[in-house]
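Below is one structure, written out as structure tokens; the observations come after it.
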Amino acid sequence: MHNTIISNKDIFHSNLLKNLIIKDIYEKNGWISFKRYMELALYEKNLGYYNNNSIKFGEHGDFTTAPEISSFFGITLTKLAIEIFEQTEPIIIEFGSGSGKLAKDILTAFSLFNIKLKKYIIIEISPKLRNRQKKMLINFTNVEWLNSCPKNFSGLIILNEVLDAMPVSLVRKGINYWYERGVTWINNKKKGKFVFKDRPCDLNFIKQITNAKFLPIGYLTEIHSVAIKFIKSLAKTLINNKKNQSKNNSVLILLIDYGFPSHEYYLDQRSQGTLMCHYKHNMHFDPFYLPGLQDITSHIDFTAIAKIATDNGLDLLNYTSQSGFLINSGICSILSQFMLKNNILQYLKKTNSVKKLISLGEMGELFKILVLGKYIKFPNKFLRYDRSHRL
6 MHNTIISNKD
16 IFHSNLLKNL
26 IIKDIYEKNG
36 WISFKRYMEL
46 ALYEKNLGYY
56 NNNSIKFGEH
66 GDFTTAPEIS
76 SFFGITLTKL
86 AIEIFEQTEP
96 IIIEFGSGSG
106 KLAKDILTAF
116 SLFNIKLKKY
126 IIIEISPKLR
136 NRQKKMLINF
146 TNVEWLNSCP
156 KNFSGLIILN
166 EVLDAMPVSL
176 VRKGINYWYE
186 RGVTWINNKK
196 KGKFVFKDRP
206 CDLNFIKQIT
216 NAKFLPIGYL
226 TEIHSVAIKF
236 IKSLAKTLIN
246 NKKNQSKNNS
256 VLILLIDYGF
266 PSHEYYLDQR
276 SQGTLMCHYK
286 HNMHFDPFYL
296 PGLQDITSHI
306 DFTAIAKIAT
316 DNGLDLLNYT
326 SQSGFLINSG
336 ICSILSQFML
346 KNNILQYLKK
356 TNSVKKLISL
366 GEMGELFKIL
376 VLGKYIKFPN
386 KFLRYDRSHR
396 L
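Residue numbering for the sequence shown follows the numbering used here, beginning at 6 and increasing consecutively.
Rendered as structure tokens:
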């Protein structure tokens, strides 16, 4: 990673953000929470990773998502959506559409299947990514960009790798206390640097950690307060005034991300947490490297997400691996149909990309799908490989 050639322009950009973070630290008496650092590094206007012009997705970016790997991901979701729309309105909301590739694949599939999709709504907080999405989707007339989820929405909601990009707090178990890990700035003779600094925290702060008292001294992990608050707010927005089951008020939510149920999340082998960074397709563990130019992310505690969702009125409908979900949704039959219409070389190329999505050694097991809903039934044929009992 550190052998990657970095342009002077990129260094200048990163230093602008670094100076802004240093200023924020000094204004807050020399210490900010890691959550605040991550928020600035990823989302600060014009400078944060998701709000600047750097290439993030695909071969020339920092990481690759499922839609970038294969259009069959979006086609498979389209097949599922068509069945779900028998119970709800034919409208899709996608949170955090990234490059817009998934939206394009789904919209194209609906057109190929000659089925009308009333509207595709994208909720995107990054102006830079929103502009990129508009260029990607310029040929589609039924796309709309909003700043938040409409109240009383009925339809399908997709969140693909959204929660993992939300800022997290870091906590460490000490001998007598739990500590929140924060960030400070120190100067030395050569140059200054960001360093971690811990402060004692209240036990209420770590209530997400289900087996906190059994974890060993020194255990470091994440608190997903932003993601939990987001799901709680989304549930309240969707549940508001939904009193009776009908096609006009039913909703299905697909949460697609990497993570674990809590009993796997807080294993001894993850004693340093799940926080990681991506820069030019290199994964590493230094969140202070080139702030604003690298992604910072953590795995999801799906038990905590499912609990806050059900506590606020949503129904848990399914939890499974990406492999199980895509196979249940017919990705293999879609691939077989492609084979009948194309030559063997094209088929083999598509097969290799689909393997990356469903292989247990690649994305198939690492990524999970949590299905939530209200006033909607998830068809039985999609429930094979269900792991809801493990949450």
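Note that beta-carbon positions come from the ideal geometry of N, C-alpha and C, so glycine has one too.
Check                                                                                                                                                                                : Outcome
Buried or exposed, going by whether 16 or more other CB atoms sit within 10 Å of the CB of Tyr271?                                                                                   : buried
Would you kindly work out how many angstroms separate the C-alpha atoms of His229 and Val173, rounded to a whole number?                                                             : 5 Å
Let me know if Glu99 comes out buried or exposed under the rule of 16 or more other beta-carbons within 10 Å of its beta-carbon.                                                     : buried
Are the CB atoms of Val176 and Ile37 within a distance shorter than 7 Å?                                                                                                             : no
Helix, strand or coil for Arg204? Go by DSSP, reduced to three states.                                                                                                               : strand
Which residues bound the alpha helix (DSSP H) around His268?                                                                                                                         : 267 to 270
When the Cα atoms are used, what is the spatial distance from Asn165 to Asn193?                                                                                                      : 42 Å
Once DSSP output is grouped into helix, strand and coil, what is the label at Leu388?                                                                                                : coil
Taking Lys139 as part of the alpha helix (DSSP H), name the residues at either end of that continuous run.                                                                           : 132 to 141
Leu371 lies in the alpha helix (DSSP H); which residues open and close that run?                                                                                                     : 368 to 371
Would DSSP call Val148 helix, strand or coil?                                                                                                                                        : strand
Nearest to Cys206 by alpha carbon, out of Lys196, Asn181, Gly197?                                                                                                                    : Asn181
If you compare alpha carbons, which of Glu73, Tyr42, His65, Asn34 is closest to Ile301?                                                                                              : Tyr42
So what's Glu436 in DSSP terms, helix, strand or just coil?                                                                                                                          : Given a span of 6 to 396 for the chain in the structure shown, any question on residue 436 remains unanswerable.
For the segment 82 to 127, which segments carrying the beta strand (DSSP E) assignment without a break, of at least 3 residues, lie completely within its bounds, in sequence order? : 96 to 100
Pull up the distance between the alpha-carbon of Val376 and that of Gly105, whole angstroms please.                                                                                  : 22 Å
Which residues in the same chain have their Cβ closer than 6 Å to the Cβ of Lys23, if we skip the five residues on either side of it in sequence?                                    : Pro296
Assign Arg137 to buried or exposed, taking buried as 16 or more other Cβ atoms, counted over all protein chains shown, within 10 Å of its Cβ.                                        : buried
Looking only at its chain, what residues have a beta carbon closer than 8 Å to the beta carbon of Lys3, apart from the 5 residues adjacent to it on each side?                       : The structure shown does not extend to residue 3, since the chain spans only 6 to 396, so no value can be given for it.
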